[in-house]
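*Asks:* Handing you a structure now.
Residue numbers (this note's numbering), protein chains in the order written: chain A, 42 to 406; chain B, 9 to 305.
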């Protein structure tokens, strides 16, 4: 199937400042693409470029197989939901939703039936005669979505649509957007700085930093096999443990040695890793370090660790131990007997391990 | 805007505070009286007969109220050689002010909309130059403007005066609208663009409906300035096209023999009435428009 959105070698400059550098992204119909990164990484600019609200400096962009590089927003067959909702303040909800159709000269009967359909889909029928100023944040959000839905576009664009909502409503609207995506089978591009939103919604994630794509992949790929230190650190909460270590060749595998303050070094043997340089950074997510006896598998290795801190979090208990000069977090089950200041055998699951080069930050395995 | 008067209840005060408060009110009342004094003299004088003015005191109330001076001022008094009162000049002013205010406001709105919402290269420079235009003294442009009006064939005509006032007004009106529109989130324009609306559609359907407060401010400002203008009126008009301010000056200056103070006063009040009326009708919005800024999205 032809990609519905195809971005090739896209560059965007403001004057002499490069905002986006050599972006290449393609998505299939029905995909949910999330652009994620810290603020200032260029993700919103990229979305504006896709919408045609910002001209691009170089490269091409096509939507639905048609070249749209220089096409104006209204002819791109897109709909967009903005962070501030951008509802027209002097128009009623109904007028807000039908404004686009009115501009395009859709006849009144069609406008009316489409409005009804979308209003019932989003459960905003009772709000149609109100002004945006009389609505709560969540209701405004729904109206903004209604304005996009009524268009029935090839591509939906969302610019941090949940960031103005309180935490509870955000989770609620998040699952509604996900449901909407599943029911419509629509193609969506979604910008967020929230990595949890990215993980829960996306079928495909683009991680951006400083206008450069760090990694493109499914949520699982991004989470399990981050392409570099930035992605490893940015995605996941609590963040992945990144521990400086020394690697030496040991038969068919590699011996990993992690320095410890005031104790013998922690030594693990990875039977799969090959050709590692001497200095590496070992990445292991907190859930891949468990209490000994609670994780089995041929790549699980147990070592005694000194526990510095215990943080019960209800469903899990996090324990912190200093390894290689870093505070390393392990996610244990809630009923663990771990006590701070005491030693505890921890199981390291090396089937999930990532190695990074300390200098470039690139993934090694 | 929040209405503070609704929820405000005076806290209990000590005697000292109360006395201070009354002193303040007394002082404010005194100032108000001081400012109203000329108006009082004008109104009472205009209602007296000449006889009474000669014999009575300046601040006394009229013994016999007569509107004769008002009707003379409106339709009988002499400006130079003609004796048809203020009426024709009053209509000249209306014919000049209304289109000039309308055009300057409309152009200012479009300019402000472009500068605030459709940023282009050099927008700041153009805006700065327009602001600069606000501060050029009237006298400086008299000669070049006279020449321009001559070339355009508008010299001495009401359209010529409209032209001058529109040009001079654009700087201010652009400033007002630009400052108002710059507070409106740019995402609104973006959303409308995605919806398929163009430049004028967005202006007409989204920005103008939001603009009532600033339109009122601009209209009051422009109306007051243009109606009260004397310099352009006296420089660029000729017999028959003079605005009311120029005619008022002629009435007061061209009286021969006895000075008809009552007619002069009535004429001055008539000339000032429209601006007064505009304030009374729209003053509420004036304050609101000056302070209102952001639009809750």
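By construction, the Cβ of each residue, glycine as well, lies at the ideal position given by its N, Cα and C atoms. In this text the structure is predicted, and so the values were computed from the model without any measurement.
Contact between the segment 147 to 154 of chain B and the segment 80 to 93 of chain B: three or more CB pairs below 8 angstroms?
*Replies:* Contact fails: fewer than three Cβ-Cβ distances are below 8 angstroms.
*Asks:* Which residue marks the beginning of the beta strand (DSSP E) containing residue 99 of chain A, and which one marks its end?
*Replies:* Here the beta strand (DSSP E) through residue 99 of chain A covers 99 to 104.
*Asks:* Under 9 angstroms between beta-carbons, which chain A residues line up against residue 214 of chain B? List them in chain order, please.
*Replies:* Within chain A, the residues near residue 214 of chain B are 129, 130, 131, 132 and 140.
*Asks:* In chain A, which residues lie with their C-beta within 7 angstroms of the C-beta of residue 204 of chain B?
*Replies:* 115, 141, 144 and 145, listed in chain order.
*Asks:* For residue 395 of chain A, which three-state DSSP category applies?
*Replies:* It is a strand residue.
*Asks:* Would you say residue 127 of chain B reaches chain A, if we count a Cβ-Cβ gap shorter than 8 angstroms as a contact?
*Replies:* No, residue 127 of chain B lies away from the interface with chain A (no Cβ there is under 8 angstroms from its Cβ).
*Asks:* Is it buried or exposed, residue 126 of chain A, if we count other Cβ atoms within 10 angstroms and call 16 or more buried?
*Replies:* By the neighbour-count rule (16 or more Cβ atoms within 10 Å), residue 126 of chain A is buried.
*Asks:* What is the DSSP secondary structure of residue 68 of chain B, counted as helix, strand or coil?
*Replies:* Residue 68 of chain B: coil per DSSP, three-state reduction.
*Asks:* Would you decide whether residue 247 of chain A is buried or exposed? Buried here means 16 or more other CB atoms lie within 10 Å of its CB.
*Replies:* Flag for residue 247 of chain A reads buried.
*Asks:* What are the uninterrupted segments assigned as beta strand (DSSP E) that are 3 or more residues long and contained completely in the segment 276 to 364 of chain A, given in chain order?
*Replies:* Correct list: 282 to 291, 294 to 299, 307 to 311, 320 to 325, 330 to 332, 341 to 347, 350 to 353 and 357 to 364.
*Asks:* Are the Cβ atoms of residue 317 of chain A and residue 230 of chain A separated by less than 8 angstroms?
*Replies:* It is not a contact, given that the beta carbons lie outside the stated cut-off.
*Asks:* Is the number of C-beta pairs between the segment 69 to 86 of chain B and the segment 100 to 110 of chain B that are closer than 8 angstroms three or more?
*Replies:* The segment 69 to 86 of chain B is not in contact with the segment 100 to 110 of chain B.
*Asks:* Answer yes or no: do residue 145 of chain A and residue 204 of chain B have a C-beta to C-beta separation smaller than 8 angstroms?
*Replies:* It is a contact, given that the beta carbons lie within the stated cut-off.
*Asks:* Figure out for me which residue from A:302, A:338 and A:357 has the closest Cα to the Cα of residue 346 of chain A.
*Replies:* Among A:302, A:338 and A:357, the Cα nearest to that of residue 346 of chain A is on A:302.
*Asks:* Comparing alpha-carbon positions, which option in B:63, B:33, B:56 and B:96 lies nearest residue 279 of chain B?
*Replies:* For the residues B:63, B:33, B:56 and B:96, the minimum Cα distance to residue 279 of chain B belongs to B:96.
*Asks:* Is there a C-beta anywhere in chain A that falls below 8 angstroms from the one on residue 293 of chain B?
*Replies:* No, because no Cβ of chain A sits closer than 8 angstroms to the Cβ of residue 293 of chain B.
*Asks:* Is it true that the CB of residue 62 of chain A sits closer than 8 angstroms to the CB of residue 55 of chain A?
*Replies:* Result no, Cβ atoms of residue 55 of chain A and residue 62 of chain A do not sit closer than 8 angstroms.
*Asks:* Looking at the strands, I want to know which residues DSSP matches up with residue 199 of chain A.
*Replies:* For residue 199 of chain A, which the question treats as bridged, DSSP gives the partners A:122 and A:231.
*Asks:* With C-beta atoms as the reference, is residue 185 of chain B less than 8 angstroms away from residue 117 of chain B?
*Replies:* The answer is yes: Cβ separation under 8 angstroms.
*Asks:* Pull up the distance between the alpha-carbon of residue 334 of chain A and that of residue 235 of chain A, whole angstroms please.
*Replies:* Using only the alpha carbons, I get a separation of about 34 angstroms.
*Asks:* Determine the extent of the beta strand (DSSP E) in which residue 250 of chain A is found, giving its start and end residues.
*Replies:* Where residue 250 of chain A is concerned, the enclosing beta strand (DSSP E) stretches over 245 to 250.
*Asks:* Is it true that the CB of residue 100 of chain A sits closer than 8 angstroms to the CB of residue 112 of chain A?
*Replies:* No, the pair does not count as a contact, with Cβ atoms beyond the cut-off.
*Asks:* Quick one: what does DSSP say residue 306 of chain B is sitting in, helix, strand or coil?
*Replies:* One cannot answer for residue 306 of chain B here, as it falls past the ends of chain B, which runs 9 to 305.
*Asks:* Under three-state DSSP, which class holds residue 213 of chain B?
*Replies:* Looking at residue 213 of chain B - three-state DSSP - the assignment turns out to be helix.
*Asks:* For residue 304 of chain B and residue 251 of chain A, I'd like the C-alpha separation in whole angstroms.
*Replies:* Caution applies to residue 304 of chain B, whose pLDDT of 42 falls short of 50 and renders its modelled position unreliable; the value that the coordinates give is listed next. If you take the alpha carbons of residue 304 of chain B and residue 251 of chain A, they lie about 32 angstroms apart.
*Asks:* Where residue 274 of chain B and residue 145 of chain B are concerned, what is the direct C-alpha to C-alpha distance, given to the nearest angstrom?
*Replies:* Those two C-alpha atoms are separated by around 31 angstroms.
*Asks:* In this structure, does DSSP put residue 89 of chain B in helix, strand or coil?
*Replies:* In this structure, residue 89 of chain B counts as coil in the three-state DSSP scheme.
*Asks:* Tell me the DSSP secondary structure of residue 205 of chain A in three-state form.
*Replies:* Coil.
*Asks:* Leaving aside the five residues before and after residue 327 of chain A along the sequence, list all residues of the same chain whose C-beta is less than 6 angstroms from its C-beta, in chain order.
*Replies:* Once the five neighbours on either side are set aside, the close Cβ partners of residue 327 of chain A are 279, 370, 371 and 372.
*Asks:* Verify the CB distance criterion: does residue 104 of chain A have a CB-CB separation below 8 angstroms to chain B?
*Replies:* Cβ-Cβ to chain B under 8 angstroms: no for residue 104 of chain A.
*Asks:* Nearest CA to the CA of residue 111 of chain B: which residue from B:132, B:71 and B:171?
*Replies:* It is B:171.
*Asks:* Using only the alpha-carbon positions, how far apart do residue 275 of chain A and residue 259 of chain A sit?
*Replies:* So the two alpha carbons sit approximately 15 angstroms from each other.
*Asks:* Does the distance from the CB of residue 183 of chain A to the CB of residue 120 of chain A come in under 8 angstroms?
*Replies:* Contact: no.
*Asks:* Looking at residue 361 of chain A and residue 379 of chain A, is the spacing between their C-beta atoms short of 8 angstroms?
*Replies:* Not in contact: residue 379 of chain A and residue 361 of chain A (Cβ atoms no closer than 8 angstroms).
*Asks:* Between residue 92 of chain A and chain B, is any beta-carbon pair separated by less than 8 angstroms?
*Replies:* It does; some Cβ of chain B falls within 8 angstroms.
*Asks:* Checking contacts by CB at 8 angstroms: is residue 4 of chain B closer than that to chain A?
*Replies:* This structure cannot settle anything about residue 4 of chain B, because the visible part of chain B is limited to 9 through 305.
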